[in-house]
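Protein chains in written order, with the numbering used here: chain A, 9 to 169; chain B, 9 to 169; chain C, 9 to 169; chain D, 9 to 169; chain E, 9 to 169; chain F, 9 to 169; chain G, 9 to 169; chain H, 9 to 169. Where a beta carbon is used, it is the ideal one built from N, C-alpha and C, also for glycine.
There are 8 protein chains.
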Amino acid sequence: MSESKKPLVGIIMGSKSDLETMKEAQKSLEEFGVACEMRVISAHRAPDLLFEYVKAAKGRGFEVLICGAGGAAHLPGVAAAITTLPVIGVPIESKALHGMDSLLSIVQMPGGIPVATVGIGNAKNAGILAARILSIKYPEVATKLKNYADKMAREVKETKI
Amino acid sequence: MSESKKPLVGIIMGSKSDLETMKEAQKSLEEFGVACEMRVISAHRAPDLLFEYVKAAKGRGFEVLICGAGGAAHLPGVAAAITTLPVIGVPIESKALHGMDSLLSIVQMPGGIPVATVGIGNAKNAGILAARILSIKYPEVATKLKNYADKMAREVKETKI
Amino acid sequence: MSESKKPLVGIIMGSKSDLETMKEAQKSLEEFGVACEMRVISAHRAPDLLFEYVKAAKGRGFEVLICGAGGAAHLPGVAAAITTLPVIGVPIESKALHGMDSLLSIVQMPGGIPVATVGIGNAKNAGILAARILSIKYPEVATKLKNYADKMAREVKETKI
Amino acid sequence: MSESKKPLVGIIMGSKSDLETMKEAQKSLEEFGVACEMRVISAHRAPDLLFEYVKAAKGRGFEVLICGAGGAAHLPGVAAAITTLPVIGVPIESKALHGMDSLLSIVQMPGGIPVATVGIGNAKNAGILAARILSIKYPEVATKLKNYADKMAREVKETKI
Amino acid sequence: MSESKKPLVGIIMGSKSDLETMKEAQKSLEEFGVACEMRVISAHRAPDLLFEYVKAAKGRGFEVLICGAGGAAHLPGVAAAITTLPVIGVPIESKALHGMDSLLSIVQMPGGIPVATVGIGNAKNAGILAARILSIKYPEVATKLKNYADKMAREVKETKI
Amino acid sequence: MSESKKPLVGIIMGSKSDLETMKEAQKSLEEFGVACEMRVISAHRAPDLLFEYVKAAKGRGFEVLICGAGGAAHLPGVAAAITTLPVIGVPIESKALHGMDSLLSIVQMPGGIPVATVGIGNAKNAGILAARILSIKYPEVATKLKNYADKMAREVKETKI
Amino acid sequence: MSESKKPLVGIIMGSKSDLETMKEAQKSLEEFGVACEMRVISAHRAPDLLFEYVKAAKGRGFEVLICGAGGAAHLPGVAAAITTLPVIGVPIESKALHGMDSLLSIVQMPGGIPVATVGIGNAKNAGILAARILSIKYPEVATKLKNYADKMAREVKETKI
Amino acid sequence: MSESKKPLVGIIMGSKSDLETMKEAQKSLEEFGVACEMRVISAHRAPDLLFEYVKAAKGRGFEVLICGAGGAAHLPGVAAAITTLPVIGVPIESKALHGMDSLLSIVQMPGGIPVATVGIGNAKNAGILAARILSIKYPEVATKLKNYADKMAREVKETKI
């Protein structure tokens, strides 16, 4: 895997308003040298397009999908129903219920179709989780994850208050 | 509309274990002389089949869909994304969270794709709501709804304790 | 049905402060060529007026009622108890509990009297749901709904990020 | 006020299934020598009857109403909208949400129409609260309440474990 | 009862920061010609003072107590344990949990010691509820409550949108 | 400190029905050689007795109080308001809300009066926490706590599945 | 990868009582020909052992860890802090709060240390998610996942009700 | 114990952003003449450092630890698993869920490893609780706690509104 070449991760979000949250996933992936493709495809407003995109994902070389959605957040679960790739779900913080609806709509999937759910609004962790998954196959990602963990620990040690 | 002939309502549920709950919708509809078709089609385990079924629904003469699902309950929302028919969602009571997850997964739909949500496990009301919807077109259903309401009021008046 | 003539939908809200939320329902209906009448009638502060208004609704030609209320939100359920028309409930986002109280007060109706509940504050979807209901009787509304869905899908396809 | 003569308290419940809970209110009232009348009148299934009953309540000599209801529990709030008598609301424990829906539907009333809410399923306390209210007018009830409090304290003091 | 003379209602709050909320109770009571006394007495920071104050309340002529508190809100329940007067509890909206903690701490009292709970932050309704309670003894308060209800209904009828 | 002699910990509970839960605290304390006294004293049904008991606690040689209560659970907070001893609160699992009401009523104390809260129904941990507190003064308790921790770790290591 | 030879997945649980839930993960993995090792190692009762085990995991050839825990469920997060392998968290259904505590304790991880969370009690999905992750490296697992998805869809199509 | 000399309390927080909340604990302790040491050590980003720090705590003379963390807040529980000192947990208010996640992650510890939990964001109470614990050994702290309680009561008595 040479960096920034072929996207290994597809980042999909339900609405353009999710972009500010979801681009943290992209930033995380860049830190680990993983290229990604980012798209707005609503499970509700464009179901056909979502089907096409997710069905083609594996054939196009994607190895992980990251899906962000809010409220009655069906995008990650529907994607996980269409592909057998690992799907990571990011519950976007919703207005009235602060993302509790998004979280439950994503994490409480029925037996047979898992979504790897991260915390509310935590697209950064979705990117890191994708890197952890890819690291089982790409040793250079594993090395970068190790360095990242070491850097976090070092920063904690040096924190002055 | 002659009774019990052409099904006007399609009842779909995510799992066979939802049948006990969902047949209350069928019973309600029978009370108002409305025929229905009942199917198990999981949005997650058989997404293609769901797409086909819901896309064909209007052409086959359905005028209302009732969808029951539990947990991360995507069936009603996905159906509402595929058809422009009115879709009624029944949140099935889930084990750990007692249907709060099902309710939020169904009712909190994004702008553009509404699901007419009833109470947790209340498939009976889904059937009556379908009848109320049909009653704007079929006067005989309106008449039966009026009789039903009168009967409910009468029973209350006669309740002895 | 010629556009903007006879109102087919009555929009009722519990308080004038709900107006900003509820006029989204009106806007939605306009998009589908459906005329509506909008009124503030509190179930709590003017119960007699609500009774009169809802009892007369069907005779005045209304085919769907949309009711918005917040907190201990009784308006939609009480309206549904008085008429057999389909009643759509909009849980208004409340201050302390963010509309969770409104949602549960509206959706958890007892068997016999359904309210078609939409998401918290989602009056736009209430308007679209009313249009979906009317579309089973008025083909021109069905056509507009189809165009609306196509437009949503097209917009998703053209979203650039 | 001579005991057991004229009922001063009306106990209303939404459904006959609430009777087991609500008769605790009656028992409490008996303990304080207050007569009551108990009725099943659903706000949803018999709205006209409820209006009549509550409108007539003050004229018939009632001084407090106790209303029990579950789920989207509108009975206490609607009663409080019709009468200016003090209305006590008892949230009946519901199946899926354990009475949280009932509680919020009763307690979160809008400004202007209060319901004196007690704990979930706590009809006993509704009876005692009615007695406390009546005690400001009827000294013999006040005396019985004092004795009741003394007895509770004495029992605590004598509890052996 | 001549207006503004002897206070019939004691309003107690746990903290001076509750004053902005609680003075709505005072305003309500003024509307019905009921005098009140308002005090800050924390159940936690000054338990002895609370005991003294509440124990003396009946002897001093109070007929209703209104207690507002937030978070782990013990003031209303402790007051209700000390006196047999009717005690109204106002759950003050708390910072982190928005008053859900205050509500449950007040409403879920054990059998034997009821607190008449109103909605979160709804001190206005606490004042009106106190007036309703007093109205069973003071006909002039009943008359004012009737006028208040009529005025609310009239305002609704005249609302233009 | 010689074992089982002078009780250092007072265990108080709101109701005799809490005994089954609370005796786990006693068992825990026995394991660490700490004597305790166990009493039923409701903050609501016997407020005077509670005041006396807690005010006298320090003088009688108690160094920690453990208070268990359910629902609107005021016992631990009221005790903490009366004494400056460390007070541990055990939220008893309540029927309708499963102890969420008990937990919030205990843990969300206002600034100035802390209650050391343990998990819902977890009286065992209340006992161990009391032992941890006493261990800063009594080395023999510290030793027993160390042995207890070692035993737990050993048992985990030996667990076969 | 030849089946059942070297374990690629480590399944860890906080308590032996979690075994009944967690063995569903093992069953899932068997279905996809993935060997695993299952251990009880509490983050709380044996923190040293957990550190050793997780630190050694990658060196021993594990590529995914599945961690199940209930209540204040720290096991998955602590494991994810020690290793850079992908860690899947299973919130065990807890007694009082039905796993809501477990879910939030696992999914709401801070930025930098993700846990791939599945639904409450859904160890089956944890196993399938581990298989999806491994499938990006092991084509035979990918094939088995495809067959599994096809079988699920087929079963839905053949469901008779 | 001479004031401000040897720190008896260690205050640890998961992130520098928790400092604003946690320094209230330090302020409280100063009020009671108790010295403390304050450190940022994340359980997730620097698990080794946390282990070392907490393992050494008792040997270094600490008698109480105060740990603040938010979201999936593991710091207090992990600390309590490593030491037998009393550990006080402060649930930091989180962004989306307002600290409900933090609270449950801290308070719902399994049997055997208690965390003395205070209210959401209530580091002030954590400091006072630490002082109450120390007061069983250091009479001068007990005296200061008594004065503090008297001052609070006096301030309440003098509050004018």
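Exercise. Glu11 (chain E) to Lys132 (chain C), Cα distance in whole Å?
Worked result: As a working note, residue 11 (chain E) is residue 3 in the fifth sequence. As a working note, residue 132 (chain C) is residue 124 in the third sequence. With a pLDDT of only 46 at Glu11 (chain E), under 50, the local geometry of the prediction cannot be trusted, and no value is derived from it.
Exercise. Where does Arg140 (chain G) sit, in a helix, a strand or coil, going by DSSP?
Worked result: Within the seventh sequence, numbered from 1, the residue matching residue 140 (chain G) stands at position 132. For Arg140 (chain G), the three-state secondary structure derived from DSSP is helix.
Exercise. If you pair each beta-carbon of the segment 49-61 of chain D with each one of the segment 154-164 of chain C, do three or more pairs fall below 8 Å?
Worked result: In short, these stretches do not touch, since the Cβ pair count stays below three.
For this session: Starting from Ile20 (chain B), follow the beta strand (DSSP E) in both directions and report where the run begins and ends.
Result: Translated into positions along the second sequence, residue 20 (chain B) becomes position 12. Per DSSP, the continuous beta strand (DSSP E) segment holding Ile20 (chain B) begins and ends at Val17 to Met21.
Exercise. When the distance is taken between beta carbons, is Leu142 (chain E) closer than 8 Å to Val170 (chain E)?
Worked result: Residue 170 (chain E) is absent from the model: chain E starts at 9 and stops at 169.
For this session: Could you tell me whether any Cβ in chain D is nearer than 8 Å to the Cβ of Met160 (chain E)?
Result: Position 152 of the fifth sequence, counting from 1, holds the residue named residue 160 (chain E). Closer than 8 Å to some Cβ of chain D, the Cβ of Met160 (chain E) qualifies, so yes.
Problem set entry | Residue-level contact to chain H via CB, Ile49 (chain E), 8 Å cutoff | Looking up residue 49 (chain E) in the fifth sequence gives position 41. Yes, because at least one Cβ of chain H sits closer than 8 Å to the Cβ of Ile49 (chain E).
Exercise. Which chain C residues are close to Glu101 (chain E), counting only those with a beta carbon under 7 Å from its beta carbon?
Worked result: In the fifth sequence, counting from the first residue as 1, residue 101 (chain E) sits at position 93. Within chain C, the residues placing a beta-carbon under 7 Å from that of Glu101 (chain E) are Ala104, ordered along the chain.
For this session: Look up Arg47 (chain D) in the DSSP assignment and give the residues it is bridged to.
Result: Within the fourth sequence, numbered from 1, the residue matching residue 47 (chain D) stands at position 39. Per DSSP, D:Ile20.
For this session: Kindly indicate which residue of F:Gly18, F:Glu38 and F:Glu32 has the alpha-carbon position closest to the one of Leu83 (chain F).
Result: As a first step, residue 83 (chain F) is located in the sixth sequence; it is residue number 75 there, counting from the start. Distances from the alpha-carbon of Leu83 (chain F) to those of F:Gly18, F:Glu38 and F:Glu32 put F:Gly18 closest.
Exercise. What separation, rounded to the nearest whole angstrom, lies between the Cα atoms of Cys44 (chain F) and Lys31 (chain F)?
Worked result: In the sixth sequence, the residue the question calls residue 44 (chain F) occupies position 36. In the sixth sequence, the residue the question calls residue 31 (chain F) occupies position 23. Here the alpha carbons of Lys31 (chain F) and Cys44 (chain F) stand approximately 11 Å from one another.
Problem set entry | Same chain only: Cβ atoms within 6 Å of Ile128 (chain B), ignoring 5 sequence neighbours per side | Along the second sequence, one-based indexing puts residue 128 (chain B) at 120. Closer than 6 Å at Cβ, skipping near neighbours: Pro99, Glu101, Gly107 and Leu111.
Problem set entry | Under the three-state DSSP convention, the category Thr125 (chain E) falls into | Taking the fifth sequence and counting its residues from 1, the one referred to as residue 125 (chain E) is at position 117. DSSP places Thr125 (chain E) in strand when its eight states are reduced to three.
For this session: Identify, in the order they occur along the chain, each residue of the same chain with its Cβ nearer than 7 Å to the Cβ of Ala104 (chain C), setting aside the five sequence neighbours on each side.
Result: In the third sequence, residue 104 (chain C) corresponds to position 96, counting from 1. Closer than 7 Å at the Cβ level, and outside the excluded window around Ala104 (chain C), lies no residue.
Exercise. At a Cβ cut of 7 Å, what residues of the segment 77-93 of chain H count as close to chain G, listed as they run along the chain?
Worked result: Gly79, Ala80, His82, Gly85, Val86, Ala89 and Ile90
For this session: Name the one or two DSSP bridge partners that Gly97 (chain D) has.
Result: By 1-based counting over the fourth sequence, the position of residue 97 (chain D) is 89. For Gly97 (chain D), which the question treats as bridged, DSSP gives the partners D:Cys75 and D:Thr125.
Problem set entry | Buried versus exposed call for Ser25 (chain H) [16 or more other C-beta atoms within 10 Å across all chains shown] | Residue numbering aside, residue 25 (chain H) sits at position 17 when the eighth sequence is read from its first letter. Looking at its Cβ environment, which holds fewer than 16 other Cβ atoms inside 10 Å, Ser25 (chain H) is exposed.
Exercise. When you compare each of A:Arg68, A:Ala80 and A:Thr125 to Pro94 (chain A) by their alpha carbons, which one comes out closest?
Worked result: Counting from one through the first sequence, the residue named residue 94 (chain A) turns up at place 86. The option with the nearest alpha carbon to Pro94 (chain A) is A:Thr125.
Exercise. In chain B, what lies closer than 8 Å to Ile121 (chain A) by C-beta?
Worked result: Locating residue 121 (chain A) in the first sequence gives position 113, where the first residue counts as 1. Result: His52 and Arg53.
Exercise. Does Lys145 (chain B) get closer than 8 Å to chain C when you measure Cβ to Cβ?
Worked result: Taking the second sequence and counting its residues from 1, one reaches residue 145 (chain B) at position 137. Closer than 8 Å to some Cβ of chain C, the Cβ of Lys145 (chain B) qualifies, so yes.
Exercise. If you draw a straight line from the C-alpha of Phe40 (chain D) to the C-alpha of Leu153 (chain D), how long is it?
Worked result: Your numbering for residue 40 (chain D) matches position 32 in the fourth sequence. Your numbering for residue 153 (chain D) matches position 145 in the fourth sequence. Whole-angstrom Cα-Cα distance: 7 Å.
Problem set entry | Within chain C, partners of Cys22 (chain D) - CB distance below 9 Å | One-based indexing of the fourth sequence puts residue 22 (chain D) at position 14. The amino acid at residue 22 (chain D) is misidentified as Cys; the sequence shows Gly. Simply Pro118.
For this session: For the alpha helix (DSSP H) holding Asp109 (chain B), just list the boundary residues, first then last.
Result: Within the second sequence, residue 109 (chain B) is the residue found at index 101, counting from 1. It spans Met108 to Val115 - the alpha helix (DSSP H) in which Asp109 (chain B) sits, taken as one unbroken run.
Exercise. In angstroms, rounded to a whole number, what distance separates the CA positions of Leu73 (chain G) and Ile96 (chain G)?
Worked result: Here residue 73 (chain G) is taken as the residue at index 65 of the seventh sequence, counted from 1. Here residue 96 (chain G) is taken as the residue at index 88 of the seventh sequence, counted from 1. Cα to Cα, Leu73 (chain G) sits roughly 6 Å from Ile96 (chain G).
Problem set entry | CB contact below 8 Å: Glu11 (chain C) versus chain B | On the third sequence, position 3 is the one that residue 11 (chain C) refers to. Note that Glu11 (chain C) scores 46 on pLDDT, short of 50, meaning its location in the model is unreliable and no value can be drawn from it.
For this session: Would you identify the three-state DSSP class for Ser25 (chain G), choosing helix, strand or coil?
Result: Walking along the seventh sequence from the start, residue 25 (chain G) turns up at place 17. When secondary structure is reduced to three states using DSSP, Ser25 (chain G) falls in the helix class.
Problem set entry | Residue interval of the alpha helix (DSSP H) (run including Lys154 (chain G)) | Within the seventh sequence, residue 154 (chain G) is the residue found at index 146, counting from 1. Element bounds for Lys154 (chain G): Pro147 to Glu166.
Problem set entry | Whole-number beta carbon distance between Ala80 (chain C) and Met117 (chain D), since they are thought to touch under 8 Å | In the fourth sequence, the residue the question calls residue 117 (chain D) occupies position 109. In the third sequence, the residue the question calls residue 80 (chain C) occupies position 72. Confirmed, Cβ separation roughly 5 Å.
For this session: Please state whether DSSP places Pro55 (chain E) in a helix, a strand or coil.
Result: One-based indexing of the fifth sequence puts residue 55 (chain E) at position 47. It is helical.
Exercise. Should Leu57 (chain C) be flagged as near chain E, meaning a C-beta pair shorter than 8 Å?
Worked result: As a working mapping, residue 57 (chain C) is identified with position 49 in the third sequence. So, interface residue.
Exercise. By the criterion of Cβ-Cβ separation under 8 Å, what are the contact partners of Thr29 (chain E) in chain C?
Worked result: Sequence index remark: in the fifth sequence, residue 29 (chain E) carries index 21 (1-based). Those within 8 Å of Thr29 (chain E) in chain C number zero; the least Cβ separation is about 11 Å.
Exercise. Does the beta carbon of Leu37 (chain D) come closer than 8 Å to any beta carbon on chain E?
Worked result: Position 29 of the fourth sequence holds residue 37 (chain D). No, Leu37 (chain D) does not count as interfacial toward chain E.
Exercise. Given that Gly127 (chain B) touches chain C, what residues does it touch there, using C-beta distances under 7 Å?
Worked result: If you number the second sequence from 1, residue 127 (chain B) lands on position 119. Val115, Gln116 and Met117, listed in chain order.
Exercise. Are the C-beta of Lys63 (chain C) and some C-beta of chain B separated by less than 8 Å?
Worked result: Counted from its first residue, the third sequence places residue 63 (chain C) at position 55. Chain B contact via Cβ: absent.
Exercise. How would you label Asn130 (chain B), buried or exposed, when you count the other beta carbons within 10 angstroms and need 16 or more for buried?
Worked result: Here residue 130 (chain B) is taken as the residue at index 122 of the second sequence, counted from 1. Classification of Asn130 (chain B): buried, given that the 10 Å Cβ count is 16 or more.
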